[in-house]
Every structure is written in C-alpha cells, then in structure tokens.
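Asker: In the order they appear, the protein sequences are chains A and B.
Plus 270 on top of the position in the first sequence (first one is 1) and you've got my numbering.
Plus 270 on top of the position in the second sequence (first one is 1) and you've got my numbering.
Number of protein chains: 2
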Amino acid sequence: MAGYVSEAVIKRLPGYYRHLRELEAAGVVQISSADLGRRMELTASQIRQDINCFGGFGRQGYGYNVSDLKGHIGEILGIDKKHAMIIIGAGNVGNAVATYPSFFKEGFETIAVFDKDPRKVGMKTGTLTIMDISEMEAFLQANPADIAVLAVPAPDAQDMMERVCALNVNAIWNFAPTDLKPEADTIVVNVHLSDSLQILSYKMAHRDE
Amino acid sequence: MAGYVSEAVIKRLPGYYRHLRELEAAGVVQISSADLGRRMELTASQIRQDINCFGGFGRQGYGYNVSDLKGHIGEILGIDKKHAMIIIGAGNVGNAVATYPSFFKEGFETIAVFDKDPRKVGMKTGTLTIMDISEMEAFLQANPADIAVLAVPAPDAQDMMERVCALNVNAIWNFAPTDLKPEADTIVVNVHLSDSLQILSYKMAHRDE
DNA sequence: TAGATTGTTAATCGATTAACAATC
DNA sequence: TAGATTGTTAATCGATTAACAATC
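Right, dumping it as structure tokens:
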C-alpha cells in the first residue's frame, strides 16, 4: 500500500465514498466487490485493485464492512479533517459555492468571500460579508486558509492564483474557464463547467454512431 | 475519420476549443502540433492523433490554421447549434446555471426554471420566473427542450430524470451528487462538485508522496 | 528545391480484466 | 470443513508516444 496511485484511481475514490455512504444510510453492513461492482458499474476486479492501493480492508469469504471501508476511504480522501476555504469572486458561481450547504457538512468551511467590484463589497452571501479583494492579503495573514476557490473571469484567474499562492494558499479549486500555470508545489483542480456542457453537446450530436 | 472516438479524446475536445479561441483572440493565425502541445501540456503526437479522429484539418509543412481548426472542433462539439435547456431546482446551483452568462453566449439558452418549493415559485432568476414543477409536463409539450439540468437534491434526481425523459428530453446535465441510472438512449453528463473538492482534498493530503 | 510538419503505422506504456492461490 | 471472496500475479486491452514516409 501507499505506493504510486494513478490519477484514474484517485478520480474513482469519491464515487466509492458516495456509494458506501448511501449503502450505510440504507443499513447495509457488508458488501462484496461483486455486489459493489454491480452497483457502481465497475468490475469486481477493478474495485479490489483500487482498494488494495491503500491496504487490505476486506476479509476473505466475507467481503468489506461498509462502515469500515467508508471510514478508510474518508481518511484517504482527507475529508476526516476540516478545511478552511476563501472564495474569490462573488458572482453566480462564487455565491453558489459559498452557500452550498453540503460542502460545509463535509468539513469545507468558507471563511471569507472577496470581490473586486465595489458594488458587491459589503453585501452578504449567506452569513459572510463580501470583502474587497485588496483586503485579501491582510485577511490571509490573520486567518490562514487551506483552499482558494477561483470564481473569477478567465483573464483574472492566473493573477489571483499567484496572489494567493504568495500567501501559502497553494490548493486551488478553479472555476475560471482557463488552464492555470501553477508552481510545482501548487495543486489545482478544475471545474470547467462549459467544458462539461460541451461534452454533453458532443454526445447529443453523435448519439447514434 | 468518424470511426470510434474514445472517451479520453472526447474529454480533451473542449480544451482544444478553449485554447484555440484564446489563440484566435490573441491574433495567432497558424500553429503547429508541437507549439499547441507546449501550450496545452500534451504531446504533439497526441494532438495529431486526436485531431485525426475527425479529419485531416492540418497541412504538411505548415501546421493548423487556428480559426479553421476552432471552427471544425466547434462543429464536432455541436456548439455551432443552439440548445434549449430547462433547469430543475432553483437553489444555489440552479440559479447560478440559469444566470451564468457564458452558457447563453455559447448557444445554451435556459428557457424555464422549475422548483417544487412553493416559496420559490413566482420568484425571478435572471429574467425567468420560477415555475412549479407540476407545470413542467405542460410546459415541455408546448416548448421542446434539448437538455434538462438537474440541480435537485440527490434523492429527487432519479425521479426527475425519468419525468423529463418521458417527455423526450434525454440529455441530462446532472449536478445532483448521485449516479443516475439512465435508459439506453439517454445521455448523462455529471458535475459532481463534492467529488471534485474531495479530489483536491486527496491531493492536499498526499502532497509529497 | 529544402525544410517543416502533418497523417499514419508501429512500439510502448499503463490501466483494466482475468485467474487463482490464500484464507476467512 | 466447505463455500465464499479477497489479495495479488499474470494476461489483455486500449491509450499514448515514437517514428517516419508523404507532402505542403
């Protein structure tokens, strides 16, 4: 365990967590890789390979204990710990992220929202008051954050990333429709909504091929 | 061209489109696969392979004409055509999608927003008035839509998908944090925001391994 | 023409699937 | 114990990369 884990495996982990949570909520105590595979539309073999990247959490002849495995995957994902987020850009997307209740429930707490538009500064988004972007540096020095959510227009995104990284916030959840050029020690995960919609469009256009 | 196109290639197409649009806006007329590769952090070989799934849009000794290639990829993505969308669920995410201006610019027009909460019905989101979900069937019979955006809680999502599919809206952009079970002729593209955030968390936790 | 770069075939690499011994 | 199912090695499959002839 704990060797190299491929990007393909990492991307499947939240799906495991989600299905195990649903199973747990449904009162299911135990599940085999074959049954979980049927549920998730993966092969049993792939599930066992994926899980064994991290350790032998199953038992021969029995399968996996749902709550145990969910706990292990939660730890592997790091969502057993709390994360402090700042949001940059209080437009549609920034506000949606700021007020989306399930992130908070999952341990991701938004501690500040910034915008450069003076008309937005001072307004509320959920319980937080939108601050001017010029206050960000001082705020971060007083209140360390783990994650910066970039919900700004594409042309501002690279610059904003560099500003937060200079203050040691080097995990970026990027909603700006552009590919950032991060430093080596900075982690960027993109949510390219337009890309996703275009993929839907592609599949509609090429439906019967 | 026009043979089988792998999911891996499809997922890269919006990135090509985005970079070509940026290049066109910057006044770049021509680009080689090597230069585009440096820009996108892909190999030149992969770019040529990807593009040649759809046709020989380049010229030996020259490379690719930026505007031409952007036009071809736009057509391949189907975004040269307009798409009518309905949004189900007028919470944070539904409102953000309804009012996000760039979708409209890219030809995706939201024609209605529905919610089941009587307190939301009658309120405005952008220029549209939120309708009661019970009106959806009648609305869709009078106003055909191409895409349904599911921005409802996970437990409602499967049911809502089935309702819109019964009215021939069989392309689903799913924001509900659950995996849907679509009919064979229905296309689902997921935006699992929590999954994406969990992947960021994973990468933060396993930074130096 | 000479140089550059594509389109395309062949080689490599990595991810998925299959198989089965270990073991609960 | 017998049956079930994992953990893990081996085989297969598919995607990426390399190479190079075609050609602008």
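Yeah, the Cβ is synthetic: ideal placement off N, Cα and C, and Gly gets one too.
Please read these numbers as outputs of a predicted model, since none were measured by experiment.
Three or more beta-carbon pairs under 8 Å between the stretch 445-462 of chain B and the stretch 419-430 of chain B, yes or no?
Answerer: Counting Cβ pairs under 8 Å, three or more are found: they touch.
Asker: Where does His-476(A) fall in DSSP's three states?
Answerer: Looking at His-476(A) - three-state DSSP - the assignment turns out to be coil, as it is neither helix nor strand.
Asker: Where does Ala-354(B) fall in DSSP's three states?
Answerer: The answer is strand: DSSP assigns Ala-354(B) an E or B state.
Asker: Nearest chain A C-beta to Leu-398(B) closer than 8 Å, yes or no?
Answerer: Closer than 8 Å: no.
Asker: What are the boundary residues of the alpha helix (DSSP H) that includes Val-445(B)?
Answerer: The displayed chain sequence assigns Phe, not Val, to residue 445(B). Where Phe-445(B) is concerned, there is no enclosing alpha helix (DSSP H), given that its DSSP letter is neither H nor E.
Asker: If the cut-off is 8 Å on Cβ atoms, which residues from the stretch 462-479 of chain A count as contacting chain B, listed in chain order?
Answerer: Going along the stretch 462-479 of chain A in chain order, one finds His-462, Leu-463, Ser-464, Asp-465, Ser-466, Leu-467, Gln-468, Ile-469, Leu-470, Ser-471, Tyr-472, Lys-473, Met-474, Ala-475, His-476, Arg-477 and Glu-479 with a Cβ nearer than 8 Å to chain B.
Asker: Using the beta-carbon of each residue, which ones in chain B are nearer than 7 Å to Lys-281(A)?
Answerer: By Cβ distance, chain B contributes Ile-469.
Asker: Gln-468(A) bridges to which residues according to DSSP?
Answerer: DSSP output for Gln-468(A) lists no bridge partner at all.
Asker: Got a sec? Which residues, its chain only, sit under 7 Å from Ala-368(B) by beta carbon, not counting five neighbours each side?
Answerer: Taken in chain order, the residues that qualify are Ile-357, Thr-380, Val-383, Thr-395, Gly-396 and Leu-398.
Asker: Just mark Ser-471(A) as buried or exposed, buried being the case when its beta carbon has 16 or more other beta carbons within 10 Å.
Answerer: So Ser-471(A) ends up on the buried side.
Asker: Under a CB-based cut-off of 8 Å, is Ile-349(A) close to chain B?
Answerer: Judged by the 8 Å Cβ criterion, Ile-349(A) is in contact with chain B.
Asker: Buried or exposed for Arg-308(A), please, with buried defined as at least 16 other CB atoms from any protein chain shown within 10 angstroms of its CB.
Answerer: Label assigned to Arg-308(A): exposed.
Asker: For Gly-348(A) and Tyr-287(A), what's the separation of their Cα atoms in angstroms?
Answerer: Those two C-alpha atoms are separated by around 12 Å.
Asker: Pick from Ala-354(B), Ala-278(B), Met-310(B) and Val-299(B): whose alpha carbon is nearest that of Gly-328(B)?
Answerer: Gly-328(B) has its Cα closest to that of Val-299(B), out of Ala-354(B), Ala-278(B), Met-310(B) and Val-299(B).
Asker: Skipping 5 residues on each side, what residues in its chain have a beta carbon closer than 6 Å to that of Leu-410(A)?
Answerer: For Leu-410(A), where only same-chain residues beyond five positions count, the Cβ hits under 6 Å are Leu-437.
Asker: Taking Cβ-Cβ distances shorter than 9 Å, what residues in chain B pair up with Ile-346(A)?
Answerer: Tyr-472, Ala-475 and His-476, listed in chain order.
Asker: Check whether the Cβ atoms of Ile-469(B) and Pro-284(A) lie closer than 8 Å to each other.
Answerer: Their beta carbons are under 8 Å apart, which means Ile-469(B) touches Pro-284(A) by this criterion.
Asker: If we cut at 8 Å on Cβ distances, does Thr-313(A) have a partner in chain B?
Answerer: Chain B contact via Cβ: absent.
Asker: Does DSSP put Gly-307(A) in a helix, a strand or coil?
Answerer: Gly-307(A) falls in the helix class under three-state DSSP.
Asker: Please identify the residue among Ala-360(B), Cys-323(B), Lys-375(B) and Met-406(B) whose C-alpha is closest to the C-alpha of His-342(B).
Answerer: Among Ala-360(B), Cys-323(B), Lys-375(B) and Met-406(B), the Cα nearest to that of His-342(B) belongs to Cys-323(B).
Asker: For Ala-415(A), I'd like the list of residues in its chain whose CB is within less than 7 Å of its CB, leaving aside the five on either flank, ordered along the chain.
Answerer: Around Ala-415(A): Ala-354, Met-355, Ile-356, Ile-381 and Val-439.
Asker: Spatial neighbours of Lys-390(A) within its chain, please: CB distance less than 8 Å, with the 5 preceding and 5 following residues excluded, ordered by chain position.
Answerer: Cβ neighbours of Lys-390(A) beyond the five flanking positions: Ala-360 and Ile-400.
Asker: Return the chain-ordered list of same chain residues with a C-beta closer than 7 Å to the C-beta of Ile-301(B), the five sequence neighbours on each side being excluded.
Answerer: Around Ile-301(B): Leu-293, Gly-333, Tyr-334 and Val-336.
Asker: Could you give the DSSP three-state label for Glu-345(A): helix, strand or coil?
Answerer: Helix at Glu-345(A).
Asker: The alpha helix (DSSP H) that contains Glu-376(A), what's its start and end?
Answerer: Neither: Glu-376(A) is in no alpha helix (DSSP H) and is coded neither H nor E.
Asker: With C-beta atoms as the reference, is Phe-378(A) less than 8 Å away from Leu-463(B)?
Answerer: Cβ atoms of Phe-378(A) and Leu-463(B): not closer than 8 Å.
Asker: Along chain B, in chain order, which residues have C-beta atoms closer than 7 Å to that of Ala-441(A)?
Answerer: Within 7 Å Cβ-Cβ: Leu-470 and Met-474.
Asker: Any idea if Ala-412(A) is buried or exposed, counting beta-carbon neighbours within 10 angstroms, 16 or more meaning buried?
Answerer: It is exposed - the Cβ of Ala-412(A) has fewer than 16 other Cβ atoms within 10 Å.
Asker: Rounded to a whole number of angstroms, what is the C-alpha to C-alpha distance between Gln-316(A) and Leu-290(A)?
Answerer: Taking the straight line joining both Cα atoms gives about 16 Å.
Asker: Whole angstroms are fine: how far does the CA of Asp-387(B) sit from the CA of Ser-372(B)?
Answerer: Approximately 28 Å, taken between the alpha carbons.
Asker: Would you kindly check if the distance between the Cβ of Ala-441(B) and the Cβ of Met-474(A) is under 8 Å?
Answerer: Yes.
Asker: Excluding sequence positions up to five away, which residues of its chain have a Cβ less than 6 Å from the Cβ of Ser-303(A)?
Answerer: Result list for Ser-303(A): Ala-314, Ile-317 and Arg-318, in chain order.
Asker: Which whole runs of the beta strand (DSSP E) in the stretch 282-333 of chain A are 3 residues long or more, in chain order?
Answerer: Here no run is fully enclosed.
Asker: Taking 8 Å as the CB-CB limit, is Ser-372(B) close to chain A?
Answerer: Yes, contact with chain A.
Asker: Could you name each continuous alpha helix (DSSP H) segment of 4 residues or more that falls completely within the stretch 417-444 of chain A, going from the start of the chain to the end?
Answerer: Here the runs fully enclosed are 424-435.
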